[in-house]
DNA sequence: TTCATATCTACTTCTATATTATAGAGGGAT
DNA sequence: ATCCCTCTATAATATAGAAGTAGATATGAA
């Protein structure tokens with residue numbers, strides 16, 4: 025049950041942006057260097073983030089990417105969605121592809137995969153960009 | 025966040041075994057046919073399940089695989105573990121590989137990936153083979 | 001006009017998963 | 001004893017999707 029690097033880089037880069045001076049664009053090359061990620065790869069990720077309106081961009085010298093909203097208002101689930109990561113643990117629990125599985129009528133397992141997907145969804149919905157940007161205080165020892 | 029086919033086939037095949045006459049070995053070729061999975065692939069999965077003592081085997085004519093314990097006592101987490109699926113969403117939250125990530129000292133995200141992993145773990149720990157073998161009664165509409 | 005930046009499209013490489021293949025070991029039946 | 005059925009083990013190959021690379025273009029500030 026691994027996350028893709030696209031997702032991980034996306035979250036890391038968003039945290040990186042949060043830590044930059046507010047309103048000041050960061051060139052992607054700087055972000056790539058700070059995060060130790062190849063610029064060309066990060067480009068593709070940032071285009072998605074921008075299209076999802078999670079970040080804004082400014083072209084030309086002095087340009088770059090920046091966040092123009094409160095990190096507390098951005099959920100991880102939005103970042104996931106922007107870069108195309110799905111929480112569905114199997115293909116058959118997403119709405120579109122239900123019809124493709126010939127077992128769906130009598131499959132006794134599927135409802136549990138659905139539950140798992142929802143559990144994961146709830147996690148991503150409950151954690152904000154702000155949360156993952158600050159030092160974690162372990163309240164519950166779970 | 026997809027499950028591998030190895031995991032899915034493992035769970036499906038275990039359910040298949042539950043539905044066979046108790047104590048009577050099922051030849052793997054039959055299971056493969058019923059499940060629509062290639063025998064050669066299923067062989068590898070079943071060896072792992074047997075090594076984990078989740079199932080037993082009998083060689084020779086009339087032999088095959090069978091379950092010799094209560095499906096209520098087998099957790100999905102045991103099946104996952106047997107076939108090598110991990111709930112860790114990123115490599116750095118498993119104990120062994122912690123040392124490999126140079127960011128672990130100051131990374132503010134990692135604790136949340138750890139939490140996600142635990143959440144997934146809890147799910148797999150809370151669902152038994154019996155659960156996924158019977159028709160699901162949706163009690164909570166969540 | 002020049003340069004720094006983002007944006008877009010396409011292509012290549014890589015790797016884990018999935019699949020196939022080959023050989024062997026054990027055991028029941030005749 | 002021999003045969004065939006079954007599991008067991010390991011190796012080789014194929015595939016798909018992720019990861020990474022490249023080239024060309026658009027935009028805007030100085």
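Chains as they are written, first to last, in this note's numbering: chain A, 25 to 166; chain B, 25 to 166.
Idealized CB from N, CA, C, for every residue including glycine.
Bear in mind the structure is a predicted one, so any value in this text is a computation, not a measurement.
Count the other C-beta atoms from every protein chain shown that fall within 10 angstroms of the C-beta of residue i, then say buried if there are 16 or more, exposed otherwise.
i: residue 106/B; result: buried
i: residue 126/B; result: exposed
i: residue 148/A; result: buried
i: residue 32/A; result: buried
i: residue 111/B; result: buried
i: residue 91/A; result: buried
i: residue 166/B; result: With a pLDDT of only 44 at residue 166/B, under 50, the local geometry of the prediction cannot be trusted, and the value read off the model is given with reservation. Its Cβ having fewer than 16 others within 10 Å, residue 166/B is exposed.
i: residue 102/A; result: buried
i: residue 168/B; result: Missing from the structure shown is residue 168/B; chain B here goes from 25 to 166 and no further.
i: residue 47/A; result: exposed
i: residue 89/B; result: buried
Give a yes or no on whether 8 Å exceeds the smallest Cβ distance from residue i to chain B.
i: residue 27/A; result: yes
i: residue 144/A; result: yes
i: residue 147/A; result: yes
i: residue 33/A; result: no
i: residue 55/A; result: no
i: residue 155/A; result: yes
i: residue 140/A; result: yes
i: residue 151/A; result: yes
Locate the beta strand (DSSP E) running through residue i, then write down its first and last residues.
i: residue 115/A; result: Note, residue 115/A: premise wrong, no beta strand (DSSP E); not H, not E.
i: residue 26/A; result: First-last for residue 26/A: undefined, no H or E at that position.
i: residue 82/A; result: 80 to 82
i: residue 89/B; result: 88 to 90
Could you tell me the distance, in whole angstroms, from the CA atom of residue i to the CA atom of residue j?
i: residue 117/B; j: residue 49/A; result: 32 Å
i: residue 142/A; j: residue 84/A; result: 42 Å
i: residue 153/A; j: residue 95/A; result: 5 Å
i: residue 158/B; j: residue 129/A; result: 13 Å
i: residue 86/B; j: residue 108/B; result: 30 Å
i: residue 82/A; j: residue 60/A; result: 22 Å
i: residue 173/B; j: residue 98/B; result: Outside the modelled stretch of chain B, which goes from 25 to 166, sits residue 173/B, for which no answer is possible.
i: residue 115/A; j: residue 80/A; result: 32 Å
i: residue 168/A; j: residue 28/B; result: The shown model of chain A, from 25 to 166, leaves out residue 168/A, and the question about it has no answer.
Go to residue i, then tell me how far its alpha helix (DSSP H) extends in each direction, as first and last residue.
i: residue 65/A; result: 63 to 75
Quick check: is the beta carbon of residue i nearer than 8 Å to any beta carbon in chain A?
i: residue 133/B; result: yes
i: residue 158/B; result: yes
Decide yes or no for the touch test of the region 34 to 41 of chain A against the region 66 to 77 of chain A: beta carbon pairs closer than 8 Å, at least 3 of them. The region 34 to 41 of chain A, when compared against the region 66 to 77 of chain A, does touch it at the 8 Å Cβ threshold.
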